[in-house]
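Here the structure comes first, spelled out in structure tokens, and everything after it is commentary.
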DNA sequence: CTCGGGATGCGT
DNA sequence: CGCATCCCGAGG
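In my numbering, the protein residues as written are 967 to 1148.
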């Protein structure tokens, strides 16, 4: 139940991505807790990663990726959905983990099987951009199942990234029904 | 300023 | 496969 600390996020991005599986995301909305267990993530490993928003260098949109570990990077996609990342590694590394799906545990009434649906169901929007995961209304806890199998696959929707599109940087909990694109 | 595409999701 | 819908980055 303990909140993940700064050191957790300040590590190699693939390691953080895998370790985030099974952990719980908590967002307190108008006094009510919305809790989901992370079951699917993708790692975006820095400015050399052609699939990463940070590959084009620092811009207004991706600036949070260049910030300190343990803050959120939230952006609008296709004019209608938000996607939420957890910024990793030391400030300036411009790496992050995209949360793609959670298993509803508490206070969630909408589907969560995909990055856009996840944000909508958990009440995550641009207001949480740059938000610190060590805050009291939006954070991650270490509460996770004892053991589970992790599947590695190429990331979704990054065909433009050449060789980087083939890298197995998407991770999800095997046979979990809340993983997207089954 | 215009212009085009996007780490999506849903319906056909 | 088409499309909704809009922010933002590139270019003139």
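We put the beta carbon where it would ideally sit given N, CA and C, even for glycine.
Integer Cβ distance of residue 1069 from residue 1144, believed to fall under 8 Å: Numbered from its first residue, the first chain carries residue 1069 at position 103. Numbered from its first residue, the first chain carries residue 1144 at position 178. Indeed they touch by this definition, with Cβ atoms about 4 Å apart.
Residue 992 to residue 1095 span [Cα, whole Å]: Here the question's residue 992 lines up with position 26 in the first chain. Here the question's residue 1095 lines up with position 129 in the first chain. Looking at the two C-alpha atoms, the distance is approximately 15 Å.
Length at least 3, wholly inside the segment 1052-1104: the beta strand (DSSP E) runs in chain order: Whole beta strand (DSSP E) segments, 3+ residues: 1061-1072.
Close-in-space but distant-in-sequence residues of the same chain around residue 1073 (CB under 7 Å, 5 per side omitted): Position 107 of the first chain, counted from the first residue, corresponds to residue 1073. Around residue 1073: 998, 999, 1000, 1001.
Other residues of its chain near residue 967: CB distance less than 8 Å, five sequence neighbours each side excluded: Reading the first chain from its first residue, position 1 is the one you call residue 967. Excluding positions up to five away in sequence, the list reads 1107, 1108, 1109.
Span of the alpha helix (DSSP H), counted from its first residue to its last, around residue 1136: In the first chain, counting from the first residue as 1, residue 1136 sits at position 170. Run containing residue 1136: none in the alpha helix (DSSP H); it sits in the beta strand (DSSP E), 1136-1139.
Test item: CB-CB of residue 1139 and residue 1122 under 8 Å: For this step, residue 1139 is matched to residue 173 along the first chain. For this step, residue 1122 is matched to residue 156 along the first chain. No; because the gap between Cβ atoms is not below 8 Å, this pair is not in contact.
The segment 1084-1102 / the segment 1032-1039 touching (three or more Cβ pairs under 8 Å): Between the segment 1084-1102 and the segment 1032-1039, the count of C-beta pairs closer than 8 Å reaches three or more; the two stretches touch.
Same chain, Cβ closer than 7 Å to residue 1042, neighbours up to 5 away in sequence not counted: Along the first chain, read from residue 1 onward, the residue named residue 1042 stands at position 76. Contacts found: 1048, 1092.
Separation of residue 1046 from residue 1135, as counted between CA atoms: As a position in the first chain, residue 1135 is number 169, starting the count at 1. As a position in the first chain, residue 1046 is number 80, starting the count at 1. Their backbone Cα atoms lie some 25 Å apart in a straight line.
Best match in 1063, 996, 1071 for proximity to residue 1081 [C-alpha to C-alpha]: The residue given as residue 1081 occupies position 115 in the first chain. Across the set 1063, 996, 1071, the C-alpha of 1063 shows the shortest separation from the C-alpha of residue 1081.
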